[in-house]
Amino acid sequence: MEVDRLLLEIIQSRKDCVEIGRSSSYGNDLLGILVSEMEKKRSDGFNTNLQLIMDECKTFFFAGHETTALLLTWTVMLLASNPSWQEKVRAEVNEVCNGETPSIDHLSKFNLLNMVINESLRLYPPATLLPRMAFEDIKLGDLHVPKGLQIWIPVLAIHHSEEIWGKDANEFNPDRFASKPFAPGRHFIPFATGPRNCIGQSFAMMEAKIILAMLISRFSFHISDSYRHAPVVVLTIKPKHGVQVYLKPLNS
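Quick look at the structure:
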């Protein structure tokens, strides 16, 4: 794959720089830390698979870009399609920020924005399926799960279950997150759950809130007549034909 080739070139370049004395480290980013650990374990007699490092880098790139980009895309579409909620969120952002640029200090006060983002994650979760494997025989009620069995958790189906969310399960209704009638980790799992949940969920939420707060305080969103709603599952849920919206600058 082209990505593997590029990663191999970058890794080899960093190793060469250290070996010839041009650099004293492999870098202070994720790749540098992984390469440093790989070389350390190799010197200790452990055989570290280079493919594991490349896979880890691809996972971080995918999780750090693709999922957050889609979260922002779907949330902007939902706000553009629901002007009343757009106005509510804008009023909240303006009140909380009071003319300041949205920052990390404001995040905990964005209650309505948080509800909208959660509803977006419910309707269009970044991962539609979550794989898990049983490392030992286990009994779940009357169900016997043998060791080695791979189980797929249907996140999309859970998030759209009328039994859990009501008759309006397929509709945009952020108010459902106001009283939290659901069970986080069971009914609402956009970032998975348990010890192997999404390592970057806090950063992703922080990033999304700040970006959306900055956008909604400066622009109004309007859905284009050319927009065709066609979510398609290709590992993640993507808009098949893209999302066309108009951004109209607001008067200062």
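For the sequence shown, our numbering assigns the number 465 to the last residue and increments by one with no breaks.
We put the beta carbon where it would ideally sit given N, CA and C, even for glycine.
When C-alpha distances from Leu369 are compared across Arg399, Arg389, Gly354 and Asn386, the shortest belongs to Arg399.
At the C-beta level, Ile330 and Met267 stay beyond 8 Å of one another. Put simply, of Lys453, Ala340, Glu300 and Phe432 the residue whose alpha carbon is nearest the alpha carbon of Arg441 is Lys453. Nearest C-alpha to Leu448 among Ser226, Asp318, Thr341 and Glu308: Thr341. Residues of the same chain with a CB within less than 8 Å of the CB of Glu349, apart from the 5 flanking positions on each side, are Lys360 in chain order. With contacts defined by Cβ atoms closer than 8 Å, Lys451 and Ser433 do not form a contacting pair.
Sixteen is the threshold: since fewer than 16 other Cβ atoms of the shown chains lie within 10 Å of the Cβ of Ala304, the residue is exposed.
Phe404 has its alpha-carbon roughly 16 Å from the corresponding atom of His373. In this structure, the beta-carbon distance from Thr286 to Val456 falls below 8 Å. Across the structure, Trp298 and Thr314 are spaced so that their CA atoms are roughly 21 Å apart.
Between the beta-carbon of Leu320 and that of Lys422 there is about 5 Å, and that keeps the pair under the 8 Å contact cut.
For Leu463, there is no enclosing alpha helix (DSSP H), as DSSP marks it with neither H nor E.
In the displayed model, Arg235 falls within coil according to three-state DSSP, outside both helix and strand.
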